[in-house]
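Worksheet: the structure to be examined is printed underneath.
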Ligand code: NDP
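Numbering (the numbering used here), first residue to last: 1401 to 1696.
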């Protein structure tokens, strides 16, 4: 491997330490404890893991953590009532409804019922619009974490060619907006893109958010490019024992690391940064709600 490893786990630990420091100051100077509420509907195993992890890390940085675990057949009216109650709760500064929701619930309707200033996932249509027009908003956590790692590694991203593979509302599109905001020349690729290999080969920065295990091989990567792997795919790993699994990203790590200038691993790259950014967004929301200076 010749690429520099971008250590998202270590970076996330630094972000969490800064968040914890800010929380301590908010409590000591203003008597305010930032609060994050997470709403989980149903029993999707991956979502349960994420929610547990979010709750644990929220408490660890000194914030108030509230979890609402609802039955899989919760009605839309009941879910909206809980969101409404959280919107009105002055001790809650951030609200996250864990996606995906069960099929009978309208995701757009539910997300857009969250008060935009408490929408720490940044998925509310107001925050999407603010981000798209370069105004102060809540920025989606996964792309924000990717941007922080890129800025940390490169300093300025101005003028770089960036290719984002994936155009979802939660990763691909906001990632492209953030890179554009940092003056990259941005291409968004997706399942209908022609000659994807050639498109990716142009990039100084590749962000892969596809959901297909190890899809991007090393020979698609321009020598020296920076590769950010958002993918989280669980594969069977019989070599580790019966029933065991392993996590892989959307890029083929070994072949890409042989060509890239820098690369994020899976696990230990984008994943930990996502939760750290969620905590940081909650502190930001708390400061804004109280008219206090925001963390940088
Ligand atoms: P989605 O399924 O919503 O979107 C996937 C995107 O990839 C779509 O735009 C799709 O194109 C595109 N795509 C699919 N197949 C191909 C292909 N063969 N060639 C080119 N593009 C393709 O996924 P998400 O954005 O929600 O997530 C992407 C990945 O990131 C997943 O592995 C997910 O687990 C992971 N993830 C990780 C997070 C973290 O914290 N690290 C957080 C969120 C997601 P089209 O639109 O044309 O269908």
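No residue lacks a Cβ here, since even glycine has one placed at the ideal position from N, Cα and C. Here the structure is a predicted model, which is why all the values come from computation and not from measurement.
The stretch 1654-1666 makes no contact with the stretch 1521-1534: fewer than 3 CB pairs, one atom from each, lie closer than 8 Å. The distance from the Cβ of residue 1454 to that of residue 1678 is about 6 Å, consistent with a contact at the 8 Å cut-off.
By the criterion of a C-beta distance shorter than 8 Å, residue 1608 is surrounded in its chain by 1565, 1566, 1615, 1616, 1627, 1628, 1629, 1630, 1631, 1649, 1650 and 1651, once the five residues flanking it on both sides are discounted. Looking at the DSSP output, residue 1646 shares a beta bridge with 1635.
Taking 7 Å as the cut-off, one finds no heavy atom of the ligand NDP near enough to the beta carbon of residue 1422. For residue 1519, the secondary structure class from DSSP, reduced to helix, strand or coil, is strand. Not one heavy atom of the ligand NDP is found less than 7 Å from the C-beta of residue 1519. Counting other Cβ atoms within 10 Å of its Cβ, residue 1624 stays below 16 and is therefore classed as exposed. Residue side-chain check: residue 1444 keeps its Cβ at 7 Å or more from all non-hydrogen atoms of the ligand NDP. When DSSP states are grouped into helix, strand and coil, residue 1536 belongs to the coil group. Between the stretch 1582-1601 and the stretch 1635-1644, the count of Cβ pairs shorter than 8 Å is below three; the stretches do not touch.
Shown here for residue 1530: same chain residues with a beta carbon closer than 6 Å to its own, the five before and five after excluded, namely 1537 in chain order. The Cβ atoms of residue 1467 and residue 1438 sit closer than 8 Å to each other. Per DSSP, reduced to three states, the secondary structure at residue 1678 is helical.
Between the stretch 1419-1434 and the stretch 1401-1409, the count of Cβ pairs shorter than 8 Å is below three; the stretches do not touch. Secondary structure of residue 1684 (DSSP, three-state): helix.
Those residues that have a beta carbon less than 7 Å away from any non-hydrogen atom of the ligand NDP are, in order along the chain, 1542, 1565, 1566, 1567, 1568, 1570, 1571, 1572, 1589, 1590, 1591, 1592, 1593, 1596, 1609, 1610, 1611, 1612, 1615, 1630, 1631, 1632, 1633, 1650, 1670, 1671 and 1674.
By DSSP's assignment, residue 1588 forms a beta bridge with 1564. Counted as a single uninterrupted DSSP element, the beta strand (DSSP E) harbouring residue 1626 occupies residues 1626-1629. Between residue 1562 and residue 1584, the CB-CB gap stays under 8 Å.
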